[in-house]
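K.L.:
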Amino acid sequence: MRLSIFTFILSFIGLINIQSSSAQYTISIGQTAEQLANTLVGEGVEVTDASLDCNTESIGVFEGSGDLGIDEGVVLSSGEVLDINSAFTAWGLPSTDLGLPGDDDLNSLIAPLTTHDACIFTFDFIPSGDTVRFNYVFASAEYGGYSCSSVNDVFGFFISGDGYTTQNLAVIPGTSIPICVNSTSGVGDWVETAPGCTDMGEGSPFTEYYIDNTSGDYIKFGGFTTIFTAIANVIPCQTYTLKIGIADAGDGILDSGVFIEAGSLNSKPSHEIESAGGASMIWPYSNVVRGCAPGSFTISKTYETEEEEELHYTLEGTAVNGVDYEYLDGIAIIPPGATSVQIPIIPISSPYLKGTKTVVPIIYSSMACMPDVFGDTIYIYDSLYLESTTFDTTICSGQKVHIDLESHPDFSVTWEPSPDIEFSPDEYSVYITPNVSSVYQVKTNLIGSGCPNKIDQIKIDIVDPVVKLKFDDLNETDRLCILDTIKLYSEGAETYRYYDRNNTPLGAGDSLDVILPANENLYVVVGTDSAGCKNKDSLNITAFPCCEVAIPSAFSPNGDGVNDEFGLMTDGIPEYYQLEIYDRWGKRVFVSYKVENQWDGTMENGEEAQGGVYFYVIQGRCNQGENFKKKGDLTLLR
59 MRLSIFTFIL SFIGLINIQS SSAQYTISIG QTAEQLANTL VGEGVEVTDA SLDCNTESIG
119 VFEGSGDLGI DEGVVLSSGE VLDINSAFTA WGLPSTDLGL PGDDDLNSLI APLTTHDACI
179 FTFDFIPSGD TVRFNYVFAS AEYGGYSCSS VNDVFGFFIS GDGYTTQNLA VIPGTSIPIC
239 VNSTSGVGDW VETAPGCTDM GEGSPFTEYY IDNTSGDYIK FGGFTTIFTA IANVIPCQTY
299 TLKIGIADAG DGILDSGVFI EAGSLNSKPS HEIESAGGAS MIWPYSNVVR GCAPGSFTIS
359 KTYETEEEEE LHYTLEGTAV NGVDYEYLDG IAIIPPGATS VQIPIIPISS PYLKGTKTVV
419 PIIYSSMACM PDVFGDTIYI YDSLYLESTT FDTTICSGQK VHIDLESHPD FSVTWEPSPD
479 IEFSPDEYSV YITPNVSSVY QVKTNLIGSG CPNKIDQIKI DIVDPVVKLK FDDLNETDRL
539 CILDTIKLYS EGAETYRYYD RNNTPLGAGD SLDVILPANE NLYVVVGTDS AGCKNKDSLN
599 ITAFPCCEVA IPSAFSPNGD GVNDEFGLMT DGIPEYYQLE IYDRWGKRVF VSYKVENQWD
659 GTMENGEEAQ GGVYFYVIQG RCNQGENFKK KGDLTLLR
């Protein structure tokens, strides 16, 4: 009866779960054994001959984010994996009795118990390194009410091949105790003394690996473990068989599952090479400098052994062994108990050795399936590494130049001259705004390295157009009147725009006609050259009120140079002018049609006029078109 109730509940909740939008893990089924195996494969592993002995709904792939610490991979269950991806609702879920048999290898882990609803996933693999490993999490619905009982659900990772006969890799670290419900339960203090748990072996249950999921939102199991890593020592290029299995124990209900991380099945090479620059100069890559601290490369082994190991390595690259750096014989010895050995790269200083050289340490593999091991390239420089992204450049006045430096972050960097330089955010990225054409120097060094300073220079030229503004050529005696029209000319740039003293635009072009509106007139031209640089020039032009006339009331033509003539006094030259002088009887005695021809007291008949009062009439028209007429008395003094 209990089985029927659980089956009904699971079917109902599972139906809701498949369509739940709150689940963070997506689980899909129907993959082939080869597809599942390839999901697990990472670096250095080749998979062949994959097979499944499992209900099709008990294995699949998952992806997403949640509490497991694994975001994607392969999931196996003793029930149905599509029932897993929802929030925890109650202990005992998920639970599906598939009515399938168990597995003998799994039975051996929890004897005398027997297993049910086993899901077995098997494949062969060939490692390229001497170690194989993968990451996984175990979860179960049995933790809550059936910890330390006879329903001790279990799973195993069984490896077979050279050196192994069906050995389980899914064990508590440092022990041979299988990972199952009773060895990892942590649902309460009582489990620490409960026989079903303590009987698993010394130290069991290992509660530190248990994670309570009763408040979880992502998977339905009430508890799961921390991430375990299964590890096995292997022989490179040999074929091994890995059998992954999970099953219910004691009965076929209250399911368990195992989540295996995608790409975590890997077998790295037995050795690694790490290159290092001199005085830790490793950015943007490892480098050494002639005359400075030496660089090095370190060969490390990825396995543990107490024996001395002799390795043979090769040095390739453009640098010549014994010429560009001190000679190395290609033999490295890792002492007993050590895990690595360091080989120095000591560059040789010589005036005949110029240019950047490279050294690449390599351990060539003697086995077809094992990749060669490469260290990072070590660069040998003649001086400290310092590169600028900006070359000598030409700018306009007021513009900024952005300069990025590539160098080691531990180098000290100094800029000169400094007042024009803005750090953004530091001395490796600067903005320069020069006032005049200048040469900027950047100096770098690594304190304690014994290296000479590396100096670079950047020249920034300011090239602005030389703009000149002028107007119509006039004679020295020419005067400009208010409302006169003149033509402004510009030169020295490509395009021009004109403005008045109030910065009001007046027009554009090589020249511009303007009417002088006032006594003092300021005109500004802004010229732009083909590079977009701008400059300006200006002119002050004085215009006179030419129609303001003045007439004296008397004159004395006695030749003393003072007030010897009578006529119009004006700053301008009228377009039309006439001066007439009459005596007291109304007889005209003088006439002139030019301003400069004034009356000097001589009458039309050539005789000197007598002293006395005379009458004048002056009329004309200014060059602005304004007519004027003046008349009155004048006194001639003798």
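In this text, residue positions in the sequence shown follow our numbering: the first is 59, and each later residue adds one.
Just so it is clear, CB atoms sit at the ideal spot from N, CA and C, and this is done for glycine as well.
Note that this is a predicted model, so its numbers are computed, not measured.
1. Of the residues Gly353, Phe213, Thr360 and Asp313, which one's Cα is nearest the Cα of glutamate 330?
2. Is the distance from the Cβ of glutamate 368 to the Cβ of isoleucine 389 below 8 Å?
3. Within this structure, are the beta carbons of isoleucine 438 and valine 418 separated by less than 8 Å?
4. Check alanine 396 in the structure and name its three-state DSSP category.
5. Does phenylalanine 213 pass the burial test, meaning 16 or more other C-beta atoms within 10 Å, or should it be called exposed?
6. In angstroms, rounded to a whole number, what distance separates the CA positions of threonine 264 and threonine 242?
7. Report the residue from Ala145, Gly150 and Leu300 whose alpha carbon sits nearest the alpha carbon of valine 99.
8. Whole angstroms are fine: how far does the CA of proline 294 sit from the CA of lysine 326?
9. The alpha helix (DSSP H) that contains aspartate 163, what's its start and end?
10. Check the DSSP bridge columns for proline 159 and list the partner residues they point to.
11. Answer yes if the region 211 to 225 comes into contact with the region 344 to 352, meaning at least three C-beta pairs across the two stretches below 8 Å, and no otherwise.
12. Between which two residues does the alpha helix (DSSP H) harbouring alanine 91 extend?
13. Asparagine 240 lies in the alpha helix (DSSP H); which residues open and close that run?
14. Mind checking whether alanine 305 and aspartate 141 have CB atoms under 8 Å apart?
15. Compare the C-alpha of isoleucine 403 against each of Leu411, Thr562 and Ser333 and name the closest.
16. Okay, do the region 395 to 411 and the region 315 to 326 touch, 3+ Cβ pairs below 8 Å being the bar?
17. Would you call the region 666 to 682 and the region 629 to 645 in contact, with 3 or more CB pairs under 8 Å?
18. Look up proline 563 in the DSSP assignment and say whether it is helix, strand or coil.
19. Grab me the residues of glutamate 662's own chain with a C-beta within less than 8 Å of its C-beta, minus the 5 sequence neighbours each way, in chain order.
20. In terms of alpha-carbon separation, which member of Asn579, Glu549 and Thr553 lies closest to threonine 562?
21. Does the structure place the region 158 to 174 close enough to the region 192 to 205 that three or more beta carbon pairs sit under 8 Å?
22. Would isoleucine 289 and threonine 435 qualify as a contact pair, given that the criterion is a beta-carbon distance under 8 Å?
23. Alpha carbon to alpha carbon, how far is isoleucine 67 from serine 186?
24. Do serine 314 and aspartate 211 have their C-beta atoms within less than 8 Å of each other?
25. Alpha carbon to alpha carbon, how far is valine 582 from lysine 545? Give it in angstroms, no decimals.
26. Contact criterion: CB-CB distance below 8 Å. Does glutamate 384 meet it with respect to chain C?
27. Tell me the rounded alpha-carbon separation between threonine 283 and isoleucine 235.
28. Could you check if valine 249 is buried or exposed, using at least 16 other CB atoms within 10 Å of its CB as the buried criterion?
29. Between which two residues does the alpha helix (DSSP H) harbouring proline 253 extend?
30. Quick check on glycine 353: does DSSP put it in helix, strand or coil?
31. Under 8 Å, do glycine 118 and isoleucine 85 count as touching if we go by C-beta distance?
32. Pull the bridge partners of glutamate 578 from the DSSP assignment, please.
33. Taking the DSSP output, what are the residues bridged to methionine 627?
34. Where does leucine 695 sit, in a helix, a strand or coil, going by DSSP?
35. Is glutamate 250 helix, strand or coil by DSSP?
36. Since I believe aspartate 519 is in contact with glutamate 552 (beta carbons under 8 Å), could you give me their beta-carbon distance rounded to a whole number of angstroms?
P.N.:
The answer reads as follows:
1. Of Gly353, Phe213, Thr360 and Asp313, the residue nearest in Cα terms is Thr360.
2. Yes, these two residues count as a Cβ contact at 8 Å.
3. It is not a contact, given that the beta carbons lie outside the stated cut-off.
4. In the three-state reduction of the DSSP assignment, alanine 396 falls in the coil class, being assigned neither a helical nor a strand state.
5. Here phenylalanine 213 is buried. Its C-beta has 16 or more other C-beta atoms within 10 Å.
6. Reading the sequence as shown, one finds phenylalanine at residue 264 and not threonine. If you take the alpha carbons of phenylalanine 264 and threonine 242, they lie about 5 Å apart.
7. Closest by C-alpha distance to valine 99, out of Ala145, Gly150 and Leu300, is Leu300.
8. Taking the straight line from one Cα to the other gives about 10 Å.
9. Per DSSP, aspartate 163 belongs to the alpha helix (DSSP H) from 162 to 167.
10. For proline 159, DSSP records a beta bridge to His174.
11. With the cut-off at 8 Å, the region 344 to 352 and the region 211 to 225 do not touch.
12. 91 to 98 is the span of the alpha helix (DSSP H), which, as asked, contains alanine 91.
13. Residues 239 to 242.
14. Not a contact, by the Cβ cut-off of 8 Å.
15. Checking every option, the nearest Cα to that of isoleucine 403 belongs to Ser333.
16. Judged by Cβ distances under 8 Å, the region 395 to 411 makes no contact with the region 315 to 326, as fewer than three pairs qualify.
17. Yes, the region 666 to 682 is in contact with the region 629 to 645.
18. The answer is strand: DSSP assigns proline 563 an E or B state.
19. Excluding the 5 residues flanking it on each side, glutamate 662 has same chain C-beta neighbours closer than 8 Å at Arg646, Val647, Phe648 and Val649, in chain order.
20. It is Asn579 whose Cα lies nearest to the Cα of threonine 562.
21. Contact between the region 192 to 205 and the region 158 to 174 is absent: fewer than three C-beta pairs spanning the two stretches fall below 8 Å.
22. Annotated as distal: isoleucine 289 and threonine 435, with beta-carbon spacing of 8 Å or more.
23. Because isoleucine 67 carries a pLDDT of 32, less than 50, the predicted location of this residue cannot be relied on, and no value is offered for it.
24. Yes.
25. Roughly 13 Å separates the two Cα atoms.
26. In the structure shown, chain C does not exist; there is a single protein chain.
27. Each residue's Cα considered, the two are about 15 Å apart.
28. Burial call: buried.
29. Here the alpha helix (DSSP H) through proline 253 covers 253 to 256.
30. In the structure shown, glycine 353 adopts extended strand secondary structure according to DSSP, grouped into three states.
31. Cβ atoms of glycine 118 and isoleucine 85: closer than 8 Å.
32. Assignment of beta-bridge partners to glutamate 578 by DSSP yields Thr600.
33. Ala608, per the DSSP bridge assignment.
34. Correct three-state label for leucine 695: coil.
35. It is helical.
36. Glutamate 552 to aspartate 519, Cβ: 19 Å. No contact.
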